[in-house]
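In our numbering, the protein residues as written are 8 to 279.
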């Protein structure tokens, strides 16, 4: 008995599943990491992996692992950026943008003025102060002064004659143009609609006069006669179709009878 158990145990060990999502417990049971379920036999692992539930759970597990990996990478990148920022602050404590600006202003003042305010007895002999950067920027900006009427007309002449707009410019201007028109009341009868058919269907644009009681009565009688005629024509058409079917059936029956009689005569002739 012990030998049989040993053989079974050795056989189970030989059939161990080698898969990233397969794991074995301390008792040797096969377990799926994605589904958190126990697979009874190693031979059933292939069927379990091919199941829809396992595929869905495997995809969810991979997505979870990727999300965790991205979170870890982001945290490490943030820690690296913080450490680099701290190193930059330690190496350049007094060289912030504001400090650099103040230092540059002091150097500029020392280079431009150079002398104290009471150095010259005659203030008119003192050098002019250097203009501020803001004033220089304001002066450097091009001032758009209106052109005289003659120059304006010359500019328009050049644009119209010397540099006429090309076809592409005209097409672009035409495409961007907006056309406005007054609303027009459309007629009740569409264009191209037959006038006679429009009058028959009552879709003419002209308002029809009201009919009297006598005219209404005649119109009603006419409609009833037309309805009766339509019914009679339908019945006549149905009767003709029925007669045609009967005639066709009679023809087929006669042909079948003649065929049977011919076959019967042939058999009788063979017997004699």
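Don't be surprised by glycine CBs; every beta carbon is placed ideally from N, CA and C.
In whole angstroms, what is the alpha-carbon distance linking residue 23 and residue 49? Cα to Cα, the separation comes out at about 7 Å.
Return helix, strand or coil for residue 29, following the three-state DSSP convention. Of the three classes helix, strand and coil, the one that applies to residue 29 here is strand, per DSSP.
Boundaries (first-last residue) of the alpha helix (DSSP H) holding residue 46: It is not in any alpha helix (DSSP H) - residue 46 instead sits in the beta strand (DSSP E) that spans 44-46.
Counted within 10 angstroms of its Cβ, other Cβ atoms place residue 41 as buried (16 or more) or exposed: Buried, since its Cβ has 16 or more Cβ neighbours within 10 Å.
Below 7 Å CB to CB, which residues in the same chain sit around residue 28 once its five sequence neighbours on both sides are set aside? Closer than 7 Å at Cβ, skipping near neighbours: 39, 40, 41, 65.
By the three-class DSSP mapping on this structure, what secondary structure does residue 37 have? Strand.
Would you kindly work out how many angstroms separate the C-alpha atoms of residue 221 and residue 260, rounded to a whole number? Going by the C-alpha atoms only, they are around 58 Å apart.
Buried or exposed for residue 37, please, with buried defined as at least 16 other CB atoms from any protein chain shown within 10 angstroms of its CB. Classified as buried, residue 37 has 16 or more neighbouring CB atoms from the shown chains inside 10 Å of its CB.
Could you check how far apart the C-beta atoms of residue 226 and residue 218 are, in whole angstroms? I think they sit under 8 Å. Right, their Cβ atoms sit about 7 Å apart.
What residues in its chain sit with their C-beta under 6 Å from that of residue 93, if we drop five residues either side in the sequence? The answer is none, since no qualifying residue turns up.
Using the C-alpha atoms, what's the distance from residue 246 back to residue 238? The alpha-carbon of residue 238 is positioned some 12 Å away from that of residue 246.
Through-space distance from residue 235 to residue 248, alpha-carbon basis: Computed Cα separation, rounded: 20 Å.
Measure the alpha-carbon distance for residue 53 versus residue 88 and round it to whole angstroms. Approximately 47 Å, taken between the alpha carbons.
Can you tell me whether residue 26 is buried or exposed, with buried defined as 16 or more other CB within 10 angstroms of its CB? Around the beta carbon of residue 26, a 10 Å sphere encloses fewer than 16 other beta carbons of the protein chains shown; the residue is thus reported as exposed.
Which value, in whole angstroms, describes the spacing of the CA atoms of residue 257 and residue 274? When only Cα atoms are considered, residue 257 and residue 274 end up about 26 Å apart.
Can you tell me whether DSSP reads residue 54 as helix, strand or coil? Reduced to three states, the DSSP call for residue 54 is helix.
Where does the unbroken alpha helix (DSSP H) through residue 260 begin, and where does it stop? 220-278 is the extent of the alpha helix (DSSP H) around residue 260.
Roughly how many angstroms separate the alpha carbons of residue 281 and residue 44, rounded to a whole number? For residue 281 there is no data in the structure shown, the boundaries of the chain being 8 and 279.
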